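Colleague:
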Amino acid sequence: MNAITPEIVAEHGLSPEEYERVLRIMGGEPNLTELGIFSVMWSEHCSYKSSKVWLKKLPTSAPWVICGPGENAGVIDIGDGKACVFKMESHNHPSFIEPYQGAATGVGGILRDVFTMGARPVANMNALRFGAPDHPKTRHLVGGVVSGIGGYGNCMGIPTVGGEVNFDPSYNGNILVNAMTVGVADADRIFYSAAAGIGNAVVYVGSKTGRDGIHGATMASAEFDDASEDKRPTVQVGDPFTEKLLLEACLELMATDAIIAIQDMGAAGLTSSSVEMSDKGGVGIEFDLDRVPMRENGMTPYEIMLSESQERMLMVLKPGREDMARAIFEKWELDFAIIGRVTDTNRLVLKWHGETVCDIPVPPLVAEAPEYERPWVRPEPPASLSAEDALAGIDIAPLDALRTLMADPDLCSRRWVWEQYDHMVMGDTVQRPGGDAAVVRVHGTKRGLAITTDCTPRYCVADPIEGGRQAVAEAWRNLTAAGATPLAVTDNMNFGNPERPEIMGQFAGCIEGMAEACTALDFPVVSGNVSLYNETNGAGILPTPAIGGVGLIDDIGTDMASPGFAAEGETILAIGETAGHLGRSLFLRAIGGRDEGAPPSVDLAAERRNGDLVRTLIRSGSVSACHDVSDGGLLVAVAEMALAGGMGAEIDAPDGPAPLLARLFGEDQGRYVVTAADPVAVRA
Amino acid sequence: MKSAVIVFPGSNCDRDVQVALRDSAGSEPIMHWHGDANLPDVDLIVVPGGFSYGDYLRSGAMAAHSPVMREVVARANAGVPVLGICNGFQILTEAGLLPGVLMRNAGLKFLCRDVDLRVECTDTVFTRDYIEGQIIRIPIAHNEGNYFADDETLMRLEGERRIAFRYCDAEGNVTAAANPNGSAHNIAGILNEARNVLGMMPHPERLAEAALGGTDGRPMFDGLVEALADAA
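Chains A and B, in that order, give the protein sequences. Using our numbering, read the first sequence as starting at 9 and increasing by one per residue. Using our numbering, read the second sequence as starting at 18 and increasing by one per residue.
1) Alpha carbon to alpha carbon, how far is A/Pro551 from A/Glu37?
2) Could you give the DSSP three-state label for A/Lys145: helix, strand or coil?
3) Spatial neighbours of A/Gly110 within its chain, please: C-beta separation below 6 Å, excluding the five flanking residues on both sides.
4) For a contact meaning CB atoms closer than 7 Å, what does A/Asn162 contact in chain B?
5) What ranges does the alpha helix (DSSP H) occupy inside the segment 77-157 of chain A, keeping only unbroken runs of at least 4 residues that lie completely in it?
6) Output, in sequence order along the chain, the residues in the segment 218-245 of chain B whose CB is closer than 9 Å to any CB in chain A.
7) From what residue to what residue does the beta strand (DSSP E) around A/Asp6 run?
8) When the distance is taken between beta carbons, is A/Val350 closer than 9 Å to A/Val210?
9) Give the residues of chain A in contact with B/Asn213, contact being defined as C-beta atoms less than 7 Å apart.
10) For A/His361, count neighbouring C-beta atoms within 10 Å of its own C-beta (all shown protein chains included) and say buried if the count is 16 or more, exposed if not.
11) Compute the Euclidean distance between the alpha carbons of A/Asp676 and A/Ala489, then round it to the nearest angstrom.
12) Would a check of beta-carbon distances place B/Arg75 closer than 9 Å to chain A?
13) Please name the residue in A/Ile519, A/Pro441, A/Ser281 and A/Ala661 whose C-alpha comes closest to that of A/Ala203.
14) List the endpoints of the continuous alpha helix (DSSP H) containing A/Leu254.
15) Buried or exposed for A/Thr566, please, with buried defined as at least 16 other CB atoms from any protein chain shown within 10 angstroms of its CB.
16) Give the straight-line distance between the Cα atoms of A/Phe138 and A/Ser58, rounded to the nearest whole angstrom.
17) Would A/Phe515 and A/Asn542 qualify as a contact pair, given that the criterion is a beta-carbon distance under 9 Å?
18) Looking only at its chain, what residues have a beta carbon closer than 7 Å to the beta carbon of A/Ser155, apart from the 5 residues adjacent to it on each side?
19) Secondary structure at A/Trp50, three-state DSSP: helix, strand or coil?
20) In chain order, which beta strand (DSSP E) runs of at least 3 residues are fully inside the segment 152-205 of chain A?
21) Return helix, strand or coil for A/Gln439, following the three-state DSSP convention.
22) What residues match up with A/Lys359 in a beta bridge as DSSP calls it?
23) Pick out whichever of B/Gly101, B/Arg145 and B/Trp50 has its Cα sitting closest to the Cα of B/Asn209.
24) Do A/Met321 and A/Gly161 have their CB atoms nearer than 9 Å?
25) Please report the straight-line C-alpha distance between A/Asp418 and A/Gly116, rounded to a whole angstrom.
26) When you compare only the Cα positions, how much space is there between A/Glu396 and A/Gly588?
27) If you draw a straight line from the C-alpha of A/Glu42 to the C-alpha of A/His20, how long is it?
28) Using a cut-off of 7 Å between C-beta atoms, extract the partners of A/Val158 located in chain B.
29) So which residues on chain A does B/Asp33 lean against when the C-beta distance must stay under 8 Å?
30) Counting C-beta neighbours from all protein chains within 10 Å, is the total for A/Lys288 16 or more, i.e. buried, or is it exposed?
31) Within a Cβ cutoff of 6 Å, which residues of the same chain sit near A/Pro248, ignoring the five residues on either side of it in sequence?
32) Going by the C-beta, is B/Arg145 closer than 8 Å to any heavy atom of the ligand ATP?
33) Mind listing which residues of the segment 47-67 of chain B have their C-beta closer than 9 Å to chain A's C-betas, in chain order?
34) Check whether chain A comes within 9 Å of B/Gly27, counting only Cβ atoms and requiring the distance to be less than that.
35) Short of 7 Å Cβ to Cβ, which residues in the segment 115-148 of chain B face chain A?
36) Select from A/Val122, A/Ser535, A/Val681 and A/Met285 the residue whose C-alpha is nearest the C-alpha of A/Thr586.
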């Protein structure tokens with residue numbers, strides 16, 4: 009038996025106080041396997057110990073929410089007996105260490121979260137953030153991440169329909185790879201993870217278990233330092249072909265009545281899946297680890313429980329359905345093994361070569377997981393910057409400024425990226441990448457799901473509350489611009505080290521702003537993920553609460569809009585107030601070389617009013633093209649519409665007291681540009 | 018028209034082509050699992066796109082040895098029309114029904130975009146509803162679409178007018194700039210000698226409906242239905 013020394017405890021990322029808690033729960037010293045299980049379950053990645061108190065502040069309910077946060081993914085009602093299942097999740101740390109596999113397995117993981125709940129995935133999105141374009145690692149990371157995302161999604165045959173790519177030096181040592189999957193299920197056929205039925209078989213399906221990814225969750229819960237390259241073996245290797253088979257086999261089995269509970273093996277693999285299933289079901293689970301399909305010989309119980317090998321699922325089946333289920337998985341050439349039973353002990357018991365090698369009471373392992381109210385400080389609100397001050401020393405013709413902005417790495421065409429993603433497979437992509445929101449038709453119907461991801465980290469760092477509000481509002485706006493009714497969001501909270509009060513202050517502020525906006529816009533959070541410790545040698549990333557929004561279009565034939573100009577001679581109109589706010593704008597950064605001032609504020613009442621008007625105009629057929637105004641302001645929005653439609657435009661800047669450049673490039677919120685054949689009808 | 022779509026482990030455009038066939042034919046195609054060598058009597062066999070066997074080893078190499086493929090080859094040799102799209106084209110070359118190979122794209126990247134194609138011949142059941150020289154726009158989505166064959170084979174394909182589609186620009190000029198993947202002679206699709214087997218990298222099933230942004234793929238399926246309506 010290994011004696012557990014303080015060094016071993018520290019290597020497992022547990023603090024001395026946390027280890028005291030382990031000793032109390034176990035009633036004595038744990039063995040190494042038990043310690044490993046506590047370690048991953050109590051890692052930041054799995055336990056949300058620093059963020060839980062804050063996440064509770066987000067609104068999570070609405071009449072159309074079927075399942076909010078806490079399951080594998082959120083579920084909302086989209087009518088006609090259908091539900092939309094979606095979530096976004098980060099794979100930041102692994103993608104920095106090994107970009108192709110890190111990004112690929114990020115996609116694989118989020119796909120499993122969605123089809124575990126009974127949904128067929130219909131679209132992938134991603135929110136990517138890289139370091140400075142001229143940083144020596146950026147090119148390698150961008151290339152690897154993009155081909156990894158494509159490599160996985162393309163092979164699965166799930167279209168990757170859009171996302172965002174941004175650059176900032178703060179991500180030089182910590183890139184962000186946030187992957188989102190949207191699926192469609194029958195609303196009355198959603199699958200959950202609570203185990204039930206004492207004596208029922210617990211079944212392992214999918215790939216075999218290897219030594220890859222051991223302690224991946226712990227790695228993802230620590231800062232990087234110069235030795236992080238040595239962590240490459242903790243990155244998993246993806247096999248999208250096996251996942252495609254797993255998807256089809258699971259959906260085939262889900263069409264029967266055999267499954268009581270199902271949970272994918274993601275972070276912390278067999279450990280977190282079994283603990284979650286038994287905890288939610290209020291039961292125990294006993295495994296015979298000798299029966300786990302293994303890729304290599306000589307694996308220990310510790311390795312088997314902590315492996316993060318991909319493309320695996322755990323299920324509890326109804327008695328008597330085992331043979332039928334086995335036949336389905338064998339047809340798809342996947343492993344199928346009954347590795348244990350549901351028990352009435354509330355304990356996780358592991359047998360190995362006939363001996364008990366682990367015996368942990370599950371309720372305290374989950375309920376007594378550490379939860380911290382970390383100290384935080386509210387950041388100083390930045391001094392606001394008037395348009396006159398912002399423009400001091402700037403003398404540039406508007407169209408020259410436009411040329412510079414359109415070539416900015418944060419605004420230029422992303423075609424190079426999305427052409428590497430199959431964005432048309434499944435035959436339902438009715439709005440392709442490059443617009444405000446992607447739209448995927450609900451197969452066999454006239455309905456469309458509009459999907460977007462948004463966040464403006466340069467706003468969040470200046471004023472986290474305003475930045476949190478803006479991220480939600482922009483997602484809502486992008487869905488609206490496509491004609492959709494925004495329904496719900498998933499969030500991916502990417503921040504630095506939560507043990508630093510200023511980082512927790514950013515987190516708290518972003519949550520506050522998001523909560524306000526979600527409440528005001530009836531746009532609840534139904535799922536999400538938190539990624540902390542995005543720091544290298546003490547330098548953190550910009551606070552990045554990425555928002556994935558989903559909305560519904562009742563009839564893609566009549567209620568949908570796209571950004572490209574539709575016909576020559578139409579009138580171009582701006583909706584929303586143009587005040588000329590240049591603080592934290594792309595114009596100020598790209599032309600003035602300054603990232604200063606307060607970000608634009610979001611007036612949530614005006615946001616709602618303008619959005620509701622735009623949606624009404626789209627549905628009544630009064631406008632023919634629609635685009636929201638965001639990075640780069642009004643002139644950039646018009647230029648993007650012209651490029652998308654293959655036409656030119658002649659515009660007058662909106663009237664106002666602000667200088668011309670401020671009115672053209674200011675980033676005032678809550679605005680849209682629309683075109684109309686009959687502008688009088690729109691103004692009415 | 019009775020048609021069958023062969024489904025391999027890793028096929029992922031099977032449903033897309035099922036929808037296109039259903040829309041044109043008004044009846045459901047048979048979705049036939051690769052492991053079942055007993056292929057029903059059908060008028061058309063479609064080998065769909067995707068990543069059969071994950072494209073591991075070499076695109077299409079493993080699927081070409083699936084139990085059903087012996088039967089597909091026999092039917093093709095007996096004159097039954099066989100359409101291979103994308104991974105299906107790769108499988109048909111690996112199965113020996115079509116000459117040449119599909120190598121990795123010259124740009125070394127997966128590429129998904131609409132391309133312009135010039136219809137090179139219309140004397141086949143697949144292309145009868147197009148006009149010779151017509152420029153059609155349908156998407157590609159592949160990593161290995163770079164058609165290669167030795168010079169003698171290429172000369173034969175040219176001489177026997179077995180090139181069905183070529184990548185071209187919007188005006189129909191067959192140029193290097195319009196070639197997305199480095200294919201020899203800008204080849205996007207070829208026929209076998211008897212002209213009843215077509216392999217093509219672009220996906221006609223993906224633009225066969227206006228809601229998806231175009232209908233240039235639709236005549237292929239409509240033409241097949243017309244040609245095969247009265248077949249056995």
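Ideal placement from N, C-alpha and C gives every residue a C-beta, glycine not left out. Because the structure is a prediction, the values reported are computed rather than measured.
Modeller: Result, derived from the coordinates:
1) 39 Å
2) coil
3) His99, Pro102, Ser103 and Val243
4) Phe127
5) 100-105 and 107-123
6) His220, Glu222, Arg223, Leu224, Ala225, Glu226, Ala228, Leu229 and Gly230
7) Here chain A comprises residues numbered 9 to 692, so residue 6 of chain A is not present and cannot be evaluated.
8) yes
9) By Cβ distance, chain A contributes nothing, its closest Cβ being about 26 Å from B/Asn213, past 7 Å.
10) exposed
11) So the two alpha carbons sit approximately 16 Å from each other.
12) no
13) Taking only the C-alpha atoms, the option nearest A/Ala203 is A/Ser281.
14) Pro248 to Met262
15) Its Cβ having fewer than 16 others within 10 Å, A/Thr566 is exposed.
16) Rounded to the nearest whole angstrom, the CA to CA distance from A/Phe138 to A/Ser58 is 25 Å.
17) no
18) Tyr108 and Gln428
19) coil
20) The DSSP assignment places complete beta strand (DSSP E) segments of no fewer than 3 residues inside the segment 152-205 of chain A at 168-175 and 184-194, in order along the chain.
21) strand
22) A/Asp296 and A/Thr364.
23) Ranked by Cα distance from B/Asn209, the options B/Gly101, B/Arg145 and B/Trp50 are led by B/Gly101.
24) no
25) 27 Å
26) 10 Å
27) Going from the Cα of A/Glu42 to the Cα of A/His20 covers about 11 Å.
28) According to the sequence displayed, residue 158 of chain A carries Gly and not Val. In chain order: Phe127.
29) Val433, Met434 and Gly435
30) buried
31) Tyr160, Cys163 and Met164
32) Looking for the ligand ATP in the displayed structure turns up nothing, as the structure carries no ligands at all.
33) Trp50, Gly52, Gly66 and Gly67
34) yes
35) Lys126, Phe127, Leu128, Cys129 and Arg130
36) A/Val681
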